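Okay, so here's the structure we're looking at.
Residue numbers (this note's numbering): 14 to 322.
Quick look at the structure:
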């Protein structure tokens, strides 16, 4: 089984981090891996990538004619990929050496149509004391409340997810109204696509928590203002996704909210009463604030849709 891994990159400023990502894929324990690099409209960066990896037979390099955004760039990568499976990783992530091997095992053992793994945090600037583990997903890290054993889930993170090629041939690509593009901070293209996969094939994404990709969490991602913006747009994106796929009856967001209300919040409050601490208090307040911000973004999307109609 040949596996193509698509990495999209757009800024020369992160070239060194892209190199870390690319090198981690070229050093996989699984042999039949192809790296597909899609540079999103920056010829200077494309030149750097070609200089570094152009001589590799197992690396395909493409530069878009303009900045097209993440979702469309990933679709370009799928078209270029030659693998039986197409996986995705970000340019600021680093795969563990056995990442692809573990994903292939999921395909072999479960007859999976999609497979993914866990995102671990590489806290470049240190983990912020106020960030609750339940909201690690804001910085692209698998959060508290996500499954901890191998099982089928709706979707994993977009930097650690893969699909059989025939899935794209039958369903098309990622929804381009979602995904980062310029200043637009919408997310959820992999969630929407995985929901279509489940609707078509009756199967979600097989998840192995030991199939690990580390996500570099830079200092700007730990800035409270950035996290506030991220939480708001996550809520907005969830509503946008619901309008794109109105018949989707997945309830993972409902399950997560139930986990917050029935386990996480009561547990944290009780712990704070038993052993008061400033850090725990900040995390409890942050958890409440982020939950409210996601809800606010969701409501704002509804209002915007009404105004547009």
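All C-beta atoms, glycine included, are put in the ideal place defined by N, C-alpha and C.
Only a predicted model underlies this, so the values are computations on that prediction, with no experimental measurement involved.
Where does the unbroken beta strand (DSSP E) through residue i begin, and where does it stop?
i: residue 332; result: Residue 332 is absent from the model: the chain starts at 14 and stops at 322.
i: residue 47; result: 46-52
i: residue 135; result: 127-136
i: residue 72; result: 72-76
For residue i and residue j, what's the separation of their Cα atoms in angstroms?
i: residue 110; j: residue 227; result: 11 Å
i: residue 197; j: residue 99; result: Residue confidence is low: residue 197 scores 48 on pLDDT, short of 50, so the model does not pin down where it sits. Its coordinate-derived value is still stated next. Distance between the alpha carbons of residue 197 and residue 99: 26 Å.
i: residue 241; j: residue 68; result: 43 Å
i: residue 323; j: residue 299; result: Any property of residue 323 remains undetermined from this structure, which presents the chain solely from 14 to 322.
i: residue 285; j: residue 277; result: 12 Å
i: residue 160; j: residue 66; result: 37 Å
i: residue 125; j: residue 119; result: 6 Å
i: residue 253; j: residue 78; result: 28 Å
i: residue 291; j: residue 114; result: 43 Å
i: residue 97; j: residue 91; result: 11 Å
i: residue 195; j: residue 24; result: Reliability of the predicted coordinates at residue 195 is poor, the pLDDT of 45 falling under 50, and no value is obtained from them.
i: residue 102; j: residue 56; result: 21 Å
i: residue 311; j: residue 248; result: 4 Å
i: residue 287; j: residue 281; result: 10 Å
i: residue 323; j: residue 30; result: Here the chain has residues from 14 to 322 only, and residue 323 is not among them.
i: residue 87; j: residue 250; result: 18 Å
i: residue 123; j: residue 233; result: 39 Å
i: residue 267; j: residue 155; result: 17 Å
i: residue 316; j: residue 46; result: 45 Å
i: residue 166; j: residue 80; result: 32 Å
When you compare each of the options to residue i by their alpha carbons, which one comes out closest?
i: residue 71; options: 82, 87, 61, 44; result: 44
i: residue 265; options: 294, 231, 168; result: 168
i: residue 306; options: 246, 290, 268, 136; result: 246
i: residue 275; options: 186, 158, 302; result: 158
i: residue 164; options: 137, 234, 146, 218; result: 218
i: residue 143; options: 311, 33, 17, 296; result: 296
i: residue 42; options: 53, 166, 16, 280; result: 16
i: residue 293; options: 63, 145, 248; result: 145
i: residue 209; options: 162, 230, 220, 183; result: 183
i: residue 151; options: 268, 318, 21, 235; result: 235
i: residue 206; options: 229, 180, 220, 231; result: 180
i: residue 273; options: 244, 289, 304; result: 304
i: residue 128; options: 309, 74, 203; result: 203
i: residue 216; options: 162, 319, 177; result: 177
What are the boundary residues of the alpha helix (DSSP H) that includes residue i?
i: residue 296; result: 291-321
i: residue 17; result: That residue, residue 17, is in no alpha helix (DSSP H); its beta strand (DSSP E) goes 16-22.
i: residue 283; result: 278-287
i: residue 210; result: 202-214
i: residue 123; result: 112-123
i: residue 89; result: 83-93
i: residue 62; result: 56-66
Go ahead and pull the three-state DSSP assignment for residue i.
i: residue 228; result: strand
i: residue 187; result: coil
i: residue 7; result: Residue numbering for the chain in the displayed model covers 14 to 322; residue 7 lies beyond these limits and cannot be assessed.
i: residue 105; result: coil
i: residue 27; result: helix
i: residue 43; result: coil
i: residue 99; result: strand
i: residue 237; result: helix
i: residue 157; result: strand
Beta carbon of residue i, beta carbon of residue j: below 8 Å?
i: residue 84; j: residue 187; result: yes
i: residue 27; j: residue 112; result: no
i: residue 130; j: residue 237; result: no
i: residue 48; j: residue 18; result: yes
i: residue 34; j: residue 121; result: no
i: residue 138; j: residue 230; result: yes
i: residue 175; j: residue 93; result: no
i: residue 75; j: residue 107; result: no
Please confirm whether any heavy atom of the ligand COA lies closer than 7 Å to the CB of residue i.
i: residue 144; result: Among the components modelled here there is no ligand, and therefore nothing to report on the ligand COA.
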